[in-house]
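Participant: In this note's numbering, the protein residues as written are 1 to 64.
Beta carbons: idealized from backbone N, C-alpha and C, even for Gly.
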């Protein structure tokens, strides 16, 4: 699965707006050396369907 960063609220360096990231059921890969950040119960996407939008790491992503 893939997710596109569509908003970066703090302009942090973990994610880049417009970039597509590898998405897993338990986390998402970041720009920080390809590290996979794990989801927790409170920030795990409710659905992994294409088009779903979710927040993670002060950013917003759309599943593509």
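1) Quick one: what does DSSP say residue 15 is sitting in, helix, strand or coil?
2) Name the DSSP beta bridge partners of residue 23, please?
3) Report the three-state DSSP secondary structure of residue 35 (helix, strand or coil).
4) So residue 54 is in the beta strand (DSSP E); what residue range does that whole segment cover?
5) Pull the bridge partners of residue 43 from the DSSP assignment, please.
Facilitator: Walking through what the data contain:
1) Reading the chain shown from its first residue, position 15 is the one you call residue 15. Coil, per DSSP.
2) As a first step, residue 23 must be located in the chain shown, where it is residue number 23. Answer by DSSP bridge pairing, in chain order: 28.
3) If you number the chain shown from 1, residue 35 lands on position 35. If DSSP states are grouped into helix, strand and coil, residue 35 belongs with coil.
4) As a first step, residue 54 must be located in the chain shown, where it is residue number 54. Note, residue 54: beta strand (DSSP E), 53–56.
5) Here residue 43 corresponds to residue number 43 of the chain shown, with the count starting at 1. Residue 43 is not bridged to any residue.
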